[in-house]
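A.B. asks: Quick one: structure below, then a few questions.
Number of protein chains: 2
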Amino acid sequence: MRDVAIIGVGLTKCGEIWEKSLRDLYVEAALGAIKDSGVDHVDSMYVGCMSSGLFVGQEHLGALMADYLGQCPIPATRVESACASGGTAMRMGALDVASGQSDVVLVGGVEKMTDVGGDEATYALATAADQEWEGFNGATFPGLYAMMAIAHMHQYGTTSEQLAAVAVKNHDNGSRNPNAQFPAKISVDAVLNSVMVADPLHILDCSPITDGAAAVILCPADRAKELTKKTPIRILGVGHASDSIALHSRKNLAVLDGVARAADLAYTAAGKGPKDIDVCEVHDCFTIAEIMATEALGFFEQGKGGPGVEAGETSPGGRIPVNPSGGLKSKGHPVGATGVAQVIEIVEQLRGEAGERQVKNARVGMTQNMGGTGASSVVHILEAM
Amino acid sequence: MRDVAIIGVGLTKCGEIWEKSLRDLYVEAALGAIKDSGVDHVDSMYVGCMSSGLFVGQEHLGALMADYLGQCPIPATRVESACASGGTAMRMGALDVASGQSDVVLVGGVEKMTDVGGDEATYALATAADQEWEGFNGATFPGLYAMMAIAHMHQYGTTSEQLAAVAVKNHDNGSRNPNAQFPAKISVDAVLNSVMVADPLHILDCSPITDGAAAVILCPADRAKELTKKTPIRILGVGHASDSIALHSRKNLAVLDGVARAADLAYTAAGKGPKDIDVCEVHDCFTIAEIMATEALGFFEQGKGGPGVEAGETSPGGRIPVNPSGGLKSKGHPVGATGVAQVIEIVEQLRGEAGERQVKNARVGMTQNMGGTGASSVVHILEAM
């Protein structure tokens, strides 16, 4: 198969964007990516979105977005893997190019979450869990991740202060991101004194409800420099894995097996290992998720992620900077867009265009996107060409 | 890219299947396909489903179905294109094999529609239309297809009796299908005297609300005879196209441009034309849809589909037998499953395993699956190996 490059990116502001609809957001991000790349056409497109049916009463997003982007009659496909919808759409788009079926592919992710109330949003998000065994019995995501946090604390001694350190770091990073939903810096005390949502997770351990969209343009790597004037970014490796959807089926609540599996696949495809990664965006839907992800990706031994973040190893200038964008926690988490937005942050880092957030000498970057409590995991490894 | 073959099929009964859940249906169809093929593993899987979020409060179907099928940690992806979700999942699965990324791929479609009431089901289905311009203003699918029917009648003189002839033929075909939801034979008078839903469409012009699932196993064509003892079916060509989602943007309400485009792509890829097709399954969500589809696929000149069905040209033994399964009208329309179920009927026809429904000397078959009022169209051309 052909190597694939990312040659354009477009990202909307993340937040409560009441003046723009689902389609407005997607089209804004898509036009941004098309303009950034300089391409004059698109052969095929993918739309990552978790639950536009429940959030805004609209399915059939492939055709809808192709229509509103003026791209009919190209093939347009929506991909859904809960909060990993964006990452999964990236993988499908890359396969489309790698196979030779298409040359220029638009991959976008979008979610419009603030048109419903908090209860409805929580219900919609809970459809990413096992409804028959978890959702119908009252479990929602803060509760599920709280159980994972409790298990991690019990097995490895992870502390609430270490969880808080994730939020503090990510808000500090997000304060340098003009697209961030919550760019305010916060302190460990602020996290620990914020309202408890599901013990041990406080509200400041949780990512927010967000509207937003993100899009990229993909093409064959060997045509990238002809098509764009910017630094193309090669997709070195992709990993996608599934794990049990319900927590009760996991061997160990404190380990993200699916993430580790997806990372193994991506590392193998890329011929890289954890030490080769200069910068990483991980799926910090809750603070514990970042700690567990950094372990599953091999940046820390199992159980050492908490001390690692507390020691600054994942801060800018640390051994492995994690979530320079501010992550889901500060930048925001428009669920279907997140996997694509993560890729955009890494593209900007590898292009050297990340401004105040720039990680020095970043040549190889990684994204880790997951759905549910890790039942779907997608990992991408990217390199500047 | 590699040629792809279908080597196993599995289909549930279609109907109001209250004793089985969404996941039960998918797993039943998937196990049927695995058993039929004889394969001992699956490398990757796709789930076509339109709106499990609105129908049963469950998204994240890729991981869910991989889990309940005992297939974790393989990659599992849900694909949504409204009522073309199954056809789009087929296309993604075929690309996965054709590209060389996977060798044995499971593609399944599923919908569980009868767990909600009729009003809720109508709302959920309407999310396949343009919600901002159609749905929010009260349009649902019977009304949208009624407008298309009126346009077709006005431009070409199509009659209510011709629409009814589609339903009569398909129920006659469905009477020979043990999986059909409504296998009863009906008459033209019965259709014309049934309750009017949206003039000129009577209730017997409309496909039903259905639970059901369908699944196939794909592999590289050059390995098909080694993997299965049954007759493998080669995917000769696939076409996928988008069209404007709202009817108001169409040049002509009486023409399915997206279907014609998808058919052109599939014919070109297959090196075939309409005269080469021995049997076809089309997307008869309403009787007018079958007439318009048979025109867009090139079986009839534009406007001649109505006289064609009335003259028996699409009946068993006619020039081009259409919907020998009974179609969506009689077999049932579990929307996310439909595109895969259509492929299964053609596989059984090309294998010579269609029993009482067998079309004689069927060597090349076609499926036409669409979402909304034709905004997403997927066409497959298949041939016995």
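Those protein sequence lines, which keep their order, are chains A and B.
Start counting the first sequence at 1; every next residue gets the next number (the working numbering).
Start counting the second sequence at 1001; every next residue gets the next number (the working numbering).
All residues carry an ideal CB built from backbone N, CA and C; glycine is no exception.
#1: Taking all protein chains shown into account, decide if residue 1300 (chain B) is buried (16 or more other Cβ within 10 angstroms of its Cβ) or exposed.
#2: Compute the distance between the beta-carbons of residue 109 (chain A) and residue 214 (chain A), then report whether it is under 8 Å.
#3: Would a C-beta distance cut-off of 8 Å place residue 346 (chain A) and residue 216 (chain A) closer than the cut-off?
#4: Nearest by alpha-carbon distance to residue 1118 (chain B): which of B:1076, B:1373, B:1209 and B:1105 is it?
#5: Mapping the DSSP letters down to three states, classify residue 1294 (chain B) as helix, strand or coil.
#6: Under a Cβ-count criterion, where at least 16 other Cβ atoms within 10 Å of its own Cβ denotes burial, should residue 388 (chain A) be classed as buried or exposed?
#7: Using DSSP bridges, identify the partner residues of residue 368 (chain A).
#8: If you measure beta-carbon to beta-carbon, which residues of the region 1128-1144 of chain B are closer than 9 Å to chain A?
#9: Enumerate in chain order the residues of its own chain whose CB-to-CB distance from residue 78 (chain A) is below 7 Å, with the five nearest sequence positions on each side excluded.
#10: Would you say residue 1057 (chain B) lies against chain A (beta-carbon separation less than 8 Å)?
#11: Within the region 1046-1081 of chain B, note down every full beta strand (DSSP E) run reaching 3 residues or more, in order along the chain.
#12: Any C-beta of chain B sitting closer than 8 Å to the C-beta of residue 1 (chain A)?
#13: Can you tell me which of the three DSSP states residue 1222 (chain B) falls into?
#14: Would a C-beta distance cut-off of 8 Å place residue 237 (chain A) and residue 262 (chain A) closer than the cut-off?
#15: If you measure from the beta carbon of residue 242 (chain A) to each beta carbon in chain B, is any gap under 8 Å?
#16: Which residue's Cα is closest to the Cα of residue 1221 (chain B): B:1036, B:1099 and B:1196?
#17: In the structure shown, what three-state DSSP assignment does residue 1036 (chain B) receive?
#18: Name the residue from B:1146, B:1188 and B:1037 whose alpha carbon lies nearest to the alpha carbon of residue 1107 (chain B).
#19: Consider the C-beta atom of residue 137 (chain A) and the heavy atoms of the ligand NAD; say whether any pair is separated by less than 7 Å.
#20: Within 8 Å (strictly less), CB to CB, does residue 72 (chain A) reach chain B?
#21: Out of curiosity, what's the CA-to-CA distance linking residue 1310 (chain B) and residue 1166 (chain B)?
#22: Out of curiosity, what's the CA-to-CA distance linking residue 1292 (chain B) and residue 75 (chain A)?
#23: Using a 10 Å radius around the Cβ and a threshold of 16 neighbouring Cβ atoms, would you call residue 1136 (chain B) buried or exposed?
#24: Which residues does DSSP list as the beta-bridge partners of residue 1385 (chain B)?
#25: So, for residue 1134 (chain B): in the same chain, excluding its five sequence neighbours on each side, which residues have a beta-carbon less than 6 Å away from its beta-carbon?
#26: Could you check whether the Cβ of residue 1298 (chain B) sits closer than 8 Å to any Cβ belonging to chain A?
#27: Cβ of residue 279 (chain A) within 8 Å of Cβ of residue 232 (chain A)?
#28: Suppose only complete runs of 4+ residues qualify. What are the alpha helix (DSSP H) ranges in the region 254-283 of chain A, listed by chain order?
#29: Measuring straight from C-alpha to C-alpha, what distance separates residue 288 (chain A) and residue 1054 (chain B)?
#30: Report the rounded CA-to-CA distance for residue 200 (chain A) versus residue 306 (chain A), giving the unit in angstroms.
#31: Report the rounded CA-to-CA distance for residue 95 (chain A) versus residue 16 (chain A), giving the unit in angstroms.
#32: Using DSSP's beta-bridge definition, name the partner residues of residue 199 (chain A).
#33: Inspect the CB distances between the region 328-345 of chain A and the region 187-199 of chain A and report whether three or more fall short of 8 Å.
#34: Would residue 1198 (chain B) pass as a contact of residue 1274 (chain B) if the rule is Cβ separation under 8 Å?
#35: To which residues of the same chain is residue 186 (chain A) closer than 7 Å at the C-beta, ignoring the five residues directly before and after it?
#36: What is the C-beta distance between residue 254 (chain A) and residue 152 (chain A), in whole angstroms, given that I count them as a contact (C-beta under 8 Å)?
C.D. replies: Looking at the atomic coordinates:
#1: Walking along the second sequence from the start, residue 1300 (chain B) turns up at place 300. Looking at its Cβ environment, which holds 16 or more other Cβ atoms inside 10 Å, residue 1300 (chain B) is buried.
#2: Here residue 109 (chain A) refers to the residue found at position 109 when the first sequence is read from its first residue. Here residue 214 (chain A) refers to the residue found at position 214 when the first sequence is read from its first residue. Contact flag set, yes.
#3: As a first step, residue 346 (chain A) is located in the first sequence; it is residue number 346 there, counting from the start. As a first step, residue 216 (chain A) is located in the first sequence; it is residue number 216 there, counting from the start. No, these two residues do not count as a Cβ contact at 8 Å.
#4: Your numbering for residue 1118 (chain B) matches position 118 in the second sequence. Closest option to residue 1118 (chain B), Cα to Cα, is B:1209.
#5: On the second sequence, position 294 is the one that residue 1294 (chain B) refers to. If DSSP states are grouped into helix, strand and coil, residue 1294 (chain B) belongs with the helices.
#6: Outside the shown range of chain A, which is 1 to 385, sits residue 388 (chain A), and nothing can be said about it.
#7: The residue you call residue 368 (chain A) lines up with position 368 of the first sequence. A:379.
#8: Taking 9 Å as the Cβ-Cβ cut-off against chain A, the residues of the region 1128-1144 of chain B that qualify are 1128, 1129, 1130, 1131, 1132, 1135 and 1136.
#9: Stepping through the first sequence from its first residue, residue 78 (chain A) is reached at position 78. For residue 78 (chain A), where only same-chain residues beyond five positions count, the Cβ hits under 7 Å are 47, 49, 61 and 62.
#10: Here residue 1057 (chain B) refers to the residue found at position 57 of the second sequence. Output row for residue 1057 (chain B): interface = yes.
#11: 1076-1080
#12: Numbered from its first residue, the first sequence carries residue 1 (chain A) at position 1. Yes, contact with chain B.
#13: Against the second sequence, residue 1222 (chain B) aligns to sequence position 222. The answer is helix: DSSP assigns residue 1222 (chain B) an H, G or I state.
#14: As a position in the first sequence, residue 237 (chain A) is number 237, starting the count at 1. As a position in the first sequence, residue 262 (chain A) is number 262, starting the count at 1. Not in contact: residue 237 (chain A) and residue 262 (chain A) (Cβ atoms no closer than 8 Å).
#15: To locate residue 242 (chain A), count along the first sequence from 1; it is residue 242. Chain B contact via Cβ: present.
#16: Within the second sequence, residue 1221 (chain B) is the residue found at index 221, counting from 1. Out of B:1036, B:1099 and B:1196, B:1099 has the C-alpha closest to the C-alpha of residue 1221 (chain B).
#17: Here residue 1036 (chain B) is taken as the residue at index 36 of the second sequence, counted from 1. In this structure, residue 1036 (chain B) counts as helix in the three-state DSSP scheme.
#18: For this step, residue 1107 (chain B) is matched to residue 107 along the second sequence. Out of B:1146, B:1188 and B:1037, B:1037 has the C-alpha closest to the C-alpha of residue 1107 (chain B).
#19: In the structure on display, the ligand NAD does not appear, and there are no ligands present to speak of.
#20: Translated into positions along the first sequence, residue 72 (chain A) becomes position 72. Yes, contact with chain B.
#21: Stepping through the second sequence from its first residue, residue 1310 (chain B) is reached at position 310. Stepping through the second sequence from its first residue, residue 1166 (chain B) is reached at position 166. When rounded, the distance between both Cα atoms is 8 Å.
#22: Within the second sequence, numbered from 1, the residue matching residue 1292 (chain B) stands at position 292. Within the first sequence, numbered from 1, the residue matching residue 75 (chain A) stands at position 75. Roughly 21 Å separates the two Cα atoms.
#23: Position 136 of the second sequence, counted from the start, is the residue given in the question as residue 1136 (chain B). Classification of residue 1136 (chain B): exposed, given that the 10 Å Cβ count is below 16.
#24: Here residue 1385 (chain B) corresponds to residue number 385 of the second sequence, with the count starting at 1. Residue 1385 (chain B) is not bridged to any residue.
#25: Locating residue 1134 (chain B) in the second sequence gives position 134, counting from the first residue. Cβ neighbours of residue 1134 (chain B) beyond the five flanking positions: 1246.
#26: Counted from its first residue, the second sequence places residue 1298 (chain B) at position 298. Among the CB atoms of chain A, none fall inside 8 Å of the CB of residue 1298 (chain B).
#27: What you label residue 279 (chain A) is simply residue 279 of the first sequence in a count that begins at 1. What you label residue 232 (chain A) is simply residue 232 of the first sequence in a count that begins at 1. No; because the gap between Cβ atoms is not below 8 Å, this pair is not in contact.
#28: 257-270
#29: Within the first sequence, the letter at position 288 stands for residue 288 (chain A). Within the second sequence, the letter at position 54 stands for residue 1054 (chain B). So the two alpha carbons sit approximately 30 Å from each other.
#30: Numbered from its first residue, the first sequence carries residue 200 (chain A) at position 200. Numbered from its first residue, the first sequence carries residue 306 (chain A) at position 306. Cα to Cα, the separation comes out at about 14 Å.
#31: Within the first sequence, numbered from 1, the residue matching residue 95 (chain A) stands at position 95. Within the first sequence, numbered from 1, the residue matching residue 16 (chain A) stands at position 16. Answer to the nearest angstrom: the Cα atoms are 33 Å apart.
#32: Working through the first sequence from its first residue, we reach residue 199 (chain A) at position 199. In DSSP, residue 199 (chain A) forms no bridge with anything.
#33: no
#34: As a first step, residue 1198 (chain B) is located in the second sequence; it is residue number 198 there, counting from the start. As a first step, residue 1274 (chain B) is located in the second sequence; it is residue number 274 there, counting from the start. In this structure, residue 1274 (chain B) does not lie closer than 8 Å to residue 1198 (chain B) by Cβ.
#35: Counting from one through the first sequence, the residue named residue 186 (chain A) turns up at place 186. Contacts found: 167, 168, 171 and 204.
#36: Residue mapping note: residue 254 (chain A) aligns to position 254 of the first sequence, counting from 1. Residue mapping note: residue 152 (chain A) aligns to position 152 of the first sequence, counting from 1. Confirmed, Cβ separation roughly 4 Å.
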